[in-house]
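Remarks on the structure that follows.
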């Protein structure tokens, strides 16, 4: 392939400089040669003059002797005649031994002063203005006659140059010509490959054709240079192909980010900007933490870097934050780039935005697992959730199925649109009321719904009552009027409850069948509105409603009374009593508190019972404060959490204190620790108000529930009760109850609280408590709860 010549400025081209240098070298070499020649010529001229002077002295030695010794005039004439045969001889002076001139020869009229040069030794030369004076010794027959001063005519440097100038000019021109010709030929030889290379590379740059190659048939340095250039072009071509591939890869729809080994961002692609909203100049030098959403904890990132170090690869789903602030999911892949020594130079991360995929998955999930009308879970998700619960160990739950009794009538008479509105309204109510309470709310079809309720209580009766409360809440939601457009619709519901299920006990289909069977039973034979598939649970519910009805009658007919359990010192000194409610049923006799208190709590009647106990206890305390034996007696009353949370509880206490004029410092309200679990600020406010009335406050069941020391210093407590569960296990070293009791006693001493242990039943328990520092006691070891008359008879004698 032919390449165009490259035109460069004349005085800057290699060709011009090479020719100029070669001509300069040739001229300098010729000049140096001529200078050397002149130097040799001048030296040789002097040498020849010296030899000629000596030859003259030797040749004319006889004539010199005749002149010096004989003073022969003819000899002088012969001498002058012979000296004229030497063309370069200017003059000669013959000196005797006394350095007196005896004969002088001059070739022309210019005379030489016949003075002996005292400063010049024999054989010395003296060059001056084109003449050379040589002083030589004159000898004849081995005898010294004197000295001869011979002056020879010689060329000066200037004369020699003028003599040679024409020849030098001709030779110089010839040398310049031949040197130019030689330089041109050499330049052509050496610069042509270079210009060829320059032209080749220029075409490569212009046409971007890295696949072209230089061809050289010789075997010289230029061929080796061409080979290196070809190798470089091959590498560049390979790099260009890789860059094109990388460019295509870097501009794919996936976001890409490159960081250095310090994890600082150095490059991103357009898709990265499109997905994250960040431009490169906003991220240069920063770490990818600028994208962090905060959803992944430090342990997640530690594991990521550990995988990268071990496997040189990591991939997974991650949540990042867009520049605008919203969070989005992405699938991220990270790989390190290492150098030849295996050291990490860069990290390359590529990711795809999963937002649309997640949206599609969510839509698919909605279609698969959720009812399109109510947005509640469908039958498929219900079965899946039941299967999941059945696989979990120690799980306990029930399935409640319910429907709307007159829904078909609403649908047929008012239209399907109104029926759909009824269903969506009911779904909204269920979500609002039960979403935080139950595991799942589902629509099974038409007007049939289901709820999965996980059981928290271990006691069977308490579990049944919890389930009954949820069912009553559901039926209450259904019975509330529905405003459907212009129509006000009232409905009733029926519910069926499966057996109390544990993991591995039944299949999901079995549980659903049980709940549906119970639902049909509730529709056909049950006037309560719901039915249990489990007959035992049905019996518990039936007993619950029976006890609830009896409680209402008992309150109306005043069937309750208070018993009092003494609180004493170690020596048996009576400090106070705790009022405990007892129920004397007209048909069943004395009913255990363990049977009716849970029903009262579940049904809400505990508030009425608590109000009755407060009034009766204050009435009895007022009577005792008039009696000298009991005037200093402290009376304790248990207050339930439901009663305490009543908005008018403090006002009720104030009303009772106005009704019965007692000294309030002898009234003590015992509050359970479970009160502190919720709405602590309201609890503290009520306690401060009660303490402001002069009433003492005792914290019961301490250590079995909340036990937050951070709030303990804020509570206006007077006393803490050691729960009987700790007292019961004092003698069992495995329970560490002694350490707990000792801690409670020390805590009370630090805060200035009184401490009392309840449930003391044996001498051994009493001894341990005394050893631990407890001074006040309550329990069967001292006395059972007693009627008021027995208390007065027993302790009025002490």
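Numbering (my numbering), first residue to last: 672 to 1469.
Where a beta carbon is used, it is the ideal one built from N, C-alpha and C, also for glycine.
Quick caveat: nothing in here was measured; it's all calculated off a predicted structure.
Residue burial annotation: residue 1134 is buried, with at least 16 other C-beta atoms found within 10 angstroms of its C-beta. Taking C-alpha positions only, residue 1410 is separated from residue 1284 by approximately 35 Å.
Within the same chain, 778, 802, 822, 823, 824 come within 7 Å of residue 761 by CB-CB distance, once the 5 residues on both sides are set aside. In this structure residue 1467 is exposed. Its beta-carbon is surrounded by fewer than 16 other beta-carbon atoms within 10 angstroms. Distance between residue 1337 and residue 1315, taken at the CA atoms: about 19 Å. Ranked by Cα distance from residue 1000, the options 1028, 898, 1397 are led by 1028. Between the alpha carbons of residue 1361 and residue 1165 lies a distance of about 45 Å. For residue 1298, there is no enclosing beta strand (DSSP E), as DSSP marks it with neither H nor E.
Assignment of beta-bridge partners to residue 1235 by DSSP yields 1250, 1457. For residue 1006, the enclosing beta strand (DSSP E) stretches over residues 998–1009. Within the region 1001–1074, the alpha helix (DSSP H) runs of at least 4 residues that lie entirely inside it are, in chain order, 1026–1040, 1050–1062. No Cβ-Cβ contact shorter than 8 Å links residue 1275 with residue 1311. Between residue 1109 and the set 998, 1057, 1082, the nearest pair of CA atoms involves 1057. Non-local beta-carbon contacts of residue 950 in its own chain, meaning distances under 8 Å to residues more than five positions away in sequence, involve 944 in chain order. Rounded to whole angstroms, the gap between the alpha carbons of residue 772 and residue 695 is 56 Å.
Within the same chain, and ignoring the five residues on either side of residue 1462 in sequence, the residues whose Cβ sits closer than 8 Å to its Cβ are 1235, 1237, 1248.
The C-beta of residue 1455 has fewer than 16 other C-beta atoms within 10 Å across all chains shown, which makes the residue exposed. Here residue 1191 carries a helix assignment [DSSP, helix/strand/coil]. Under the three-state reduction of DSSP, residue 1403 is assigned to coil, being neither helix nor strand. In the DSSP assignment, residue 1125 falls within the unbroken beta strand (DSSP E) covering 1119–1125.
Contact check between the region 1029–1041 and the region 921–941: fewer than three CB pairs, one atom from each, fall below 8 Å, which does not count as touching. By the C-beta density criterion, residue 886 is exposed, having fewer than 16 other C-beta atoms within 10 angstroms. By DSSP's assignment, residue 1343 forms a beta bridge with 1371.
Here DSSP, grouped into helix, strand and coil, assigns residue 1384 to coil. Partner residues in a beta bridge of residue 845, as assigned by DSSP, do not exist. Within the same chain, and ignoring the five residues on either side of residue 989 in sequence, the residues whose Cβ sits closer than 7 Å to its Cβ are 967, 1001, 1003. Residue 687 holds the alpha-carbon nearest to the alpha-carbon of residue 852 among 963, 1111, 687. A buried status is given to residue 1074, since no fewer than 16 other beta-carbon atoms sit within 10 Å of its beta-carbon. Distances from the alpha-carbon of residue 1447 to those of 1363, 1458, 1460, 1430 put 1430 closest. Taking each of 937, 1071, 998 in turn and checking the Cα distance to residue 1016, the smallest one comes out for 937.
The straight-line gap separating the alpha-carbon atoms of residue 906 and residue 1024 is approximately 36 Å.
Residue pairing by DSSP puts residue 1240 in a beta bridge opposite 1447. The Cβ neighbour count for residue 1291, taken over all protein chains shown within 10 Å, is at least 16; the residue is labelled buried.
In the assembly as shown, residue 1343 is a buried residue. Its beta-carbon has 16 or more other beta-carbons within 10 Å. Each residue's CA atom was taken as its position, placing residue 1161 and residue 1087 some 17 Å apart.
Taking C-alpha positions only, residue 712 is separated from residue 804 by approximately 18 Å.
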